[in-house]
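Undergrad: Here it is: the structure, laid out below.
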Amino acid sequence: MNQDIIADIKKDHVEKLLDAGKRVDGRGFDEYRNISVEVGINERAEGSALVTLGRTKVMVGVKLSVGMPFPDMPDSGVLTTNAELIPLASPSFERGPPDEDTVELARVVDRAIRESGCIELEKLCIEEGELVWIVFIDLHPLDYDGNLFDACTLGAIAALKNTYMPKLEDGKVDYKTRTEEKLPVRDTPVEVTYCKIGRHIVLDPCLEEEEVLDARLTVGYNEKGEIVAMQKGGSGTFTKEEIVDIVRKGREKAEFLRQHIPG
Amino acid sequence: MNQDIIADIKKDHVEKLLDAGKRVDGRGFDEYRNISVEVGINERAEGSALVTLGRTKVMVGVKLSVGMPFPDMPDSGVLTTNAELIPLASPSFERGPPDEDTVELARVVDRAIRESGCIELEKLCIEEGELVWIVFIDLHPLDYDGNLFDACTLGAIAALKNTYMPKLEDGKVDYKTRTEEKLPVRDTPVEVTYCKIGRHIVLDPCLEEEEVLDARLTVGYNEKGEIVAMQKGGSGTFTKEEIVDIVRKGREKAEFLRQHIPG
Amino acid sequence: MNQDIIADIKKDHVEKLLDAGKRVDGRGFDEYRNISVEVGINERAEGSALVTLGRTKVMVGVKLSVGMPFPDMPDSGVLTTNAELIPLASPSFERGPPDEDTVELARVVDRAIRESGCIELEKLCIEEGELVWIVFIDLHPLDYDGNLFDACTLGAIAALKNTYMPKLEDGKVDYKTRTEEKLPVRDTPVEVTYCKIGRHIVLDPCLEEEEVLDARLTVGYNEKGEIVAMQKGGSGTFTKEEIVDIVRKGREKAEFLRQHIPG
Amino acid sequence: MKAGEPEEFIVDGRRLDGRRVDELRPLKIEAGVLKRADGSAYVEWGGNKVLAACYGPKEIHPRHEANPKRAVLRTYYSMAPFSVYERKRPGPDRRSMEISKVTRQALESVVFTHLYPMTAIDVFIEILQAQAGTRCAGITAASVALADAGIPMRDLVPACAAGKVGGHIVLDLFDIEDNYGEADLPVAIVPRTGEVCLMQMDGNLTQEEFEQAFELAIKGCMQVYEKQKEALKKVYEKRSEE
Amino acid sequence: MKAGEPEEFIVDGRRLDGRRVDELRPLKIEAGVLKRADGSAYVEWGGNKVLAACYGPKEIHPRHEANPKRAVLRTYYSMAPFSVYERKRPGPDRRSMEISKVTRQALESVVFTHLYPMTAIDVFIEILQAQAGTRCAGITAASVALADAGIPMRDLVPACAAGKVGGHIVLDLFDIEDNYGEADLPVAIVPRTGEVCLMQMDGNLTQEEFEQAFELAIKGCMQVYEKQKEALKKVYEKRSEE
Amino acid sequence: MKAGEPEEFIVDGRRLDGRRVDELRPLKIEAGVLKRADGSAYVEWGGNKVLAACYGPKEIHPRHEANPKRAVLRTYYSMAPFSVYERKRPGPDRRSMEISKVTRQALESVVFTHLYPMTAIDVFIEILQAQAGTRCAGITAASVALADAGIPMRDLVPACAAGKVGGHIVLDLFDIEDNYGEADLPVAIVPRTGEVCLMQMDGNLTQEEFEQAFELAIKGCMQVYEKQKEALKKVYEKRSEE
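Residue numbers (the working numbering), protein chains in the order written: chain Z, 1 to 263; chain H, 1001 to 1263; chain P, 2001 to 2263; chain G, 3001 to 3242; chain V, 4001 to 4242; chain C, 5001 to 5242.
Quick look at the structure:
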């Protein structure tokens, strides 16, 4: 019961600050926390990135393997996005099979990557109908202080752009030999998340804000600024105008995020 | 604890009514509830049926797929019967992997279908030892008011008799094109369930009766009236004579059930 | 809470006896309980053994099957060791997927078998890169009174030495026809377990001792007396000298165990 | 082009199933269709056939999941094995887990959960036959089932998707449009206030296209809302007659 | 005809394993074979080797499964991986779940569970080697294990199957008869009253054949009953000597 | 000879990665690297990259797992999917279950668990990049994380393996040596007393080789211990500056 009372007090506190034009960590309403993106930080992964977003830290690894294509896409590589919310990263993450938050994270990141068509999957066919490259993106938060959607999408595209193809011999992957060839990536989708607390809309919620938010809206954009993915969260609602406004102003935030990707 | 006291009171009530020659819903001891069977009610399934037995409602879908035969039956199709007791249908059904009641239901229905040989599995071989048709029967209760055995077996055979073969191209199934050809079915097995409450034997228990029964006997018959499956349930017992008697009089009830199958 | 107090009392009791030079069951510190090993006791298994070690009883079955080799060992058979701690054998064993004790048992027994190279896996290749024999060792304790490591390793090697190859026809196993040919086994590894209770080191802990031990050391030896496997257990520690000493004196106990293997 | 993709999605102002761009598929809603459930609804929406049932407010197991300030709303979206062309293995998959979550959040925005602390309200959505748009059909059915169970709510929650196919913004995609189209945008609203309580999108839309599709989806929701109200009216009338 | 099916099942009045039609396979029952279990029994029945163990009455976990009016009887039938020709993967499958259920119901009809409210009585049946008829062997062993554990019961529960092979009604099918025969009818009874507490059947029988097989199975049960009583007598004698 | 096996492991006194037989791979330890955890450590040891986090003492769920006499120490060793060449499927496998157990037992020998009855102390070890020796790196990181969380312990627990490759006894095997070598002997100690709290071995060693390798592993542990202490000193200094 105490948990709920504490939650009420917290929400009250965060909201009052916002009423006074302030956020819990002193940022502007439309401001991201400090962002850093390092790539190529894992020698076992074909591609990798470590994203720091304020105190949130996420590692993303890209592994390549080979296998059968889907029957309805015989000449196309396969993309698989997976997340693990390991309890090392937060007391609220639990061991066991993926829960709905884990699944949602993986699927919303996957949506921006997939729908933007950023990976040239049609170039990942080895033998039509028989053998294609399978791209595994593993989202691996290490320290959780809110807004995994934006951090993980940023890490995923940064890692993909840094992915080298391993050597292929007789239909088998030689992981120990990396070729010069990079994974063909033609777009740079990112996701931008706003949340609504009371009557305020703020960018990039930190954990303290996430815990009290009414509603959340994540929008993914490709390089052209087109919308490729959306996901509303939270038990609260947005007005139509709020949504249209978020989608508009998120576009320039996407451009801002994109600048943090190395290379 | 209250649950158990209520159960005792309920049992007492049902039994006293029976002593007075009455059933909780006013039926005769040897009488089925209202039965209706509709077939072809699902456009995604190759065969389907919706059975209403009093207030019990069951949907059965038959799907066809192709795969390897069993090693010891290389020229025979494969039959798989599956049940799901979805919590939508009853507050007593729980989510999660199949429990023993679910498994028993699937296996007892399967028994009548399989042992009657009603599906001509030997005609479902596509390439000996390599490729055969797999028949999936999915038992899907929607509203649970007792006697799923009889309702599901009736639905299964009705759906099977209404099953059209999908088109096969290059060893793959084109589900969107249904052929004129029907699944070869040569018999019409049904199951008949009696239960024992105190010293009384009654046909087709409704839920209120099932909840207080001592013992249950389900008997499956083929068209010739031969016995093809039996399953006793409940923690109580039958006398030898009761069993022989049930098996005898069930035969005409089977004939009665069979008349409700369309087509 | 009582459980813990009882545990303390038990430990006190066992330790005081040891201080007086006595074990709970009257054995010498360096003495095994009665050992018997019967082989060929299961007609469905290609090899089998029943080991009795005091009141501990373990059945081990060896089954052979065929399958793909590992990619990095294309001309070698495959060894798989599995344990089941069925609740029939002890009130402390629970149903469900293998817990860490079950997994440790299987892996420590596997270690001695595998690292000693006792099975000539290179002779179990049927067609390089395509088809090899798979050796399943199933450890199946039936009555648990301590020291499953030694009993199961003894049972495993006894069963392996008693394993007959089944007939192979067209790449399929005919289990009903057993050939005269035996599984090629060239060494006889066994494991010897000591435990530390207070300041005492004793051989072959019975359950009462296992329940109160501070630390456990299991050492596997091949026929030459070389060490092929080790596993320390328990939340307590050993001194360096204790470990070296156990490893030395375990060697002759291994020779003693080996004499109990029939044939 | 994917195998099976049509050359044109709209010919002479008509879509492949004969509808206009802003036209819903035929929609039929019936409330109170199940005996055991506390509330239920059946929705037939084009080729979708969906059942929803509501149980509760009721005791919650395990107890530590209870909330002292409000009822816990639990939603389970599930597809029958025979609801799709290729038989679906029973049990939850990742897609159904996500849909269950967004459905729950959409419904939480209208249910007065604070009236029933320490209890659970369970909503089960069963897709019996699927033809694209099952999440919208499910939410639509679920809120009718909740109302049928007498759970106090500030409004019903109609849901409807819009999307883009062959360059056109259209309402309520059916399966061919969903498989080969450019974007799908499911939306659920609280009609009395116009609030948006569910919103997802995948595909590719410019800002302008998005705004157009969003507007269209909301209009679709309002049509669905009328059908929901009719269904409830009908079942209340029927019950008061009994 | 399935691969491996014999041409004839009965030649000169003898079955393929030399038995007459109404003859049991050799049956050996031993009680009190395990040290840890509260009660146990070992049954060797033709090529079947079966262990049963009973633990209880004992505290029940999780607590909410306890029944204030009687002990909860739990039965688990399980096959060792090496008990069959093709290695069985560990863990329960659908067949063993069904057998566990009917076994429990058969035993519930004789155990005085009301004497031990709020407790559990666990019975584990482990098939070490199988040659058809393992469920009957398991029930037979289980009721001896219960008795060995001192659990009050109104009678033992012997079980035995009859069936039809090659047109003949025979007792106690072994594996070849079970695989290629026409029907199998396992039965368990409460010998003192003649009540039937387990009854299953699959195959094909006319009414007349059924009645004949049923009668035969009951006679088989009575023979099994004698062996059960002998085994218990032996273990009591042995214990009183100790 | 397995595919990929090197002809020689030691040439001119140098191993394939340039080290001498008694030389550790480069080792870097950093404490206090995570914000959410109560204590944490990062270890880079040759090609191994390992994170450890400690949460607790804290309330324990489910309650019946609590111990009235001491804290329950729980350790979870886990490998990231991208930590190895061939992607590892998420979730515990048999190897990680065994490592979790021996890690817990090693740490239990130093943690004063009796100070926190009825609580849990959770230690999570995440292998981000593996190059053989991850269990030693994990234990090494874990005990630093426990210390960083302020959990009272009688000492840190450094771990290090020795082994045999190409006939030579060497310290701290890297992946090629681990894959193709003759023996691996991971050891963890309580440095102040010299007690051994983890010890495993697989391969083939004579008594003499074993004693030599054991001695070498303990020396390796002492070097690791120095790095652990440095890391903790550094983080305390940093924190007192803040």
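Here a beta-carbon is modelled for each residue, glycine too, at the ideal position from N, C-alpha and C. On a predicted model such as this, the values are computed, not experimentally measured, just so you know.
Can you confirm whether the region 1102-1119 of chain H touches the region 4092-4107 of chain V when touching is taken to mean that 3 or more C-beta pairs between the two stretches lie within less than 8 Å?
TA: Contact check between the region 4092-4107 of chain V and the region 1102-1119 of chain H: three or more CB pairs, one atom from each, fall below 8 Å, which counts as touching.
Undergrad: CB Gln3200 (chain G) to CB Pro3191 (chain G), shorter than 9 Å?
TA: no
Undergrad: For Gly3138 (chain G), which of helix, strand or coil comes out of DSSP?
TA: helix
Undergrad: Along the chain, where does the alpha helix (DSSP H) containing Ala3217 (chain G) start, and where does it finish?
TA: For Ala3217 (chain G), the enclosing alpha helix (DSSP H) has its first and last residue at Gln3207 to Glu3241.
Undergrad: Within its chain, find whatever has a CB closer than 6 Å to the CB of Arg4154 (chain V); leave out the 5 residues flanking it on each side and keep chain order.
TA: Val4110
Undergrad: So is Phe3214 (chain G) buried or exposed if we call it buried at 16+ other beta carbons inside 10 Å?
TA: With 16 or more other Cβ atoms within 10 Å, it is buried.
Undergrad: Cβ closer than 7 Å: which chain P residues qualify as neighbours of Ser4078 (chain V)?
TA: Ile2086
Undergrad: Within a Cβ cutoff of 6 Å, which residues of the same chain sit near Arg178 (chain Z), ignoring the five residues on either side of it in sequence?
TA: Tyr164 and Pro166, listed in sequence order.
Undergrad: Using 10 angstroms around the beta-carbon of Phe5082 (chain C), count the other beta-carbons present and answer buried if the total reaches 16, otherwise exposed.
TA: buried
Undergrad: Name the chain H residues that come within less than 8 Å of Glu4195 (chain V), Cβ to Cβ?
TA: Thr1237, Phe1238 and Thr1239
Undergrad: On the three-state DSSP scale, how would you describe Val5043 (chain C)?
TA: strand
Undergrad: So Tyr5055 (chain C) contacts chain Z; which residues on that side make the cut at Cβ distance below 7 Å?
TA: Pro91
Undergrad: Taking a Cβ distance cut-off of 9 Å, strictly less, list which residues of the region 4194-4220 of chain V are near chain H, in chain order.
TA: Gly4194, Glu4195, Val4196, Cys4197, Leu4198, Met4199, Gln4200, Met4201, Asp4202, Gly4203, Asn4204, Leu4205, Thr4206, Gln4207, Glu4209, Phe4210, Glu4211, Phe4214, Glu4215 and Ile4218
Undergrad: Using DSSP with H/G/I as helix, E/B as strand and the rest coil, what is His2260 (chain P)?
TA: The answer is coil: DSSP assigns His2260 (chain P) none of H, G, I, E or B.
Undergrad: Say whether chain V places a C-beta atom closer than 9 Å to the C-beta of Asn2042 (chain P).
TA: Taking Cβ atoms only, chain V reaches closer than 9 Å to Asn2042 (chain P), which makes this a yes.
Undergrad: So with CB distances below 7 Å, who are the chain P contacts of Phe4082 (chain V)?
TA: Residues of chain P passing the Cβ test: Asn2042, Arg2044, Ala2045, Ser2048, Gly2061, Lys2063 and Asp2138.
Undergrad: Taking only beta-carbon atoms, is Ser5143 (chain C) less than 9 Å away from chain B?
TA: Although the question refers to chain B, the structure presented lacks it and instead comprises the protein chains Z, H, P, G, V and C.
Undergrad: What does DSSP give as the partner residues of Lys5028 (chain C) in its beta bridges?
TA: C:Glu5044
Undergrad: What does Asp1145 (chain H) reach in chain G if we use C-beta pairs closer than 8 Å?
TA: Lys3035 and Arg3036
Undergrad: Does the region 32-50 of chain Z come close enough to the region 3-23 of chain Z that 3 or more CB-CB pairs lie under 8 Å?
TA: no
Undergrad: With distance defined between alpha-carbon atoms, name the residue in C:Pro5158, C:Thr5193, C:Leu5216 and C:Val5157 nearest to Asp5184 (chain C).
TA: With distances taken between Cα atoms, Asp5184 (chain C) lies closest to C:Leu5216.
Undergrad: If you draw a straight line from the alpha carbon of Glu1043 (chain H) to that of Gln3129 (chain G), how long is it in whole angstroms?
TA: Computed Cα separation, rounded: 7 Å.
Undergrad: From the DSSP output, in three-state form, read off Leu4107 (chain V) for me.
TA: helix
Undergrad: According to the Cβ coordinates, are Val5102 (chain C) and Ile2243 (chain P) closer than 9 Å?
TA: no
Undergrad: For Ala4031 (chain V), return the contacting residues in chain P, with the cut-off set at a CB-CB distance below 7 Å.
TA: Going along chain P, no residue has its Cβ under 7 Å from Ala4031 (chain V), so there is no contact; the nearest lies around 15 Å.
Undergrad: Only counting the same chain, and skipping five residues up and downstream in sequence, which positions put a Cβ closer than 8 Å to that of Gly198 (chain Z)?
TA: Glu15, Leu18, Asp19 and Asp214
Undergrad: Return the first residue and the last residue of the beta strand (DSSP E) that Pro1031 (chain H) is part of.
TA: Contrary to the premise, residue 1031 (chain H) reads as Glu rather than Pro in this sequence. Run containing Glu1031 (chain H): none; DSSP gives neither H nor E here.
Undergrad: Tell me, to the nearest whole angstrom, how far the beta carbon of Ile2189 (chain P) is from that of Cys2118 (chain P); I am working on the premise that it is less than 8 Å.
TA: Here the sequence assigns Pro to residue 2189 (chain P), which means Ile is not the residue at that position. Right, the Cβ-Cβ distance comes to about 6 Å (below 8 Å), so this counts as a contact.
Undergrad: Within 9 Å of any Cβ in chain C, is that where the Cβ of Ala2106 (chain P) sits?
TA: Yes, Ala2106 (chain P) lies at the interface with chain C (some Cβ there is under 9 Å from its Cβ).
Undergrad: For Ile2041 (chain P), tell me which candidate among P:Met2059, P:Gly2054 and P:Arg2027 has the shortest Cα-Cα distance.
TA: P:Met2059
Undergrad: Drop a sphere of 10 angstroms on the beta-carbon of Met4222 (chain V), count the other beta-carbons inside from all chains shown, and report buried for 16 or more, exposed for fewer.
TA: That one is exposed.
Undergrad: Who does Ile3127 (chain G) pair with in a DSSP beta bridge?
TA: Paired residue(s): G:Val3050 and G:Met3079.
Undergrad: Can we say the region 2152-2160 of chain P touches the region 2109-2126 of chain P, given the rule of at least three CB pairs closer than 8 Å?
TA: The region 2152-2160 of chain P vs the region 2109-2126 of chain P: in contact.
Undergrad: Taking 9 Å as the cut-off, decide whether the C-beta atoms of Gly146 (chain Z) and Val66 (chain Z) are in contact.
TA: Between Gly146 (chain Z) and Val66 (chain Z), the CB-CB gap reaches or exceeds 9 Å.
Undergrad: Quick one, which of G:Arg3087, G:Val3224, G:Asp3038 and G:Gly3203 has its alpha-carbon nearest Asp3172 (chain G)'s?
TA: Checked all of G:Arg3087, G:Val3224, G:Asp3038 and G:Gly3203; the closest Cα to Asp3172 (chain G) is G:Val3224.
Undergrad: Name, going along the chain, the residues of the region 5082-5098 of chain C whose beta-carbon falls closer than 7 Å to a beta-carbon of chain Z.
TA: Phe5082, Ser5083, Val5084, Tyr5085, Glu5086, Arg5087 and Pro5090
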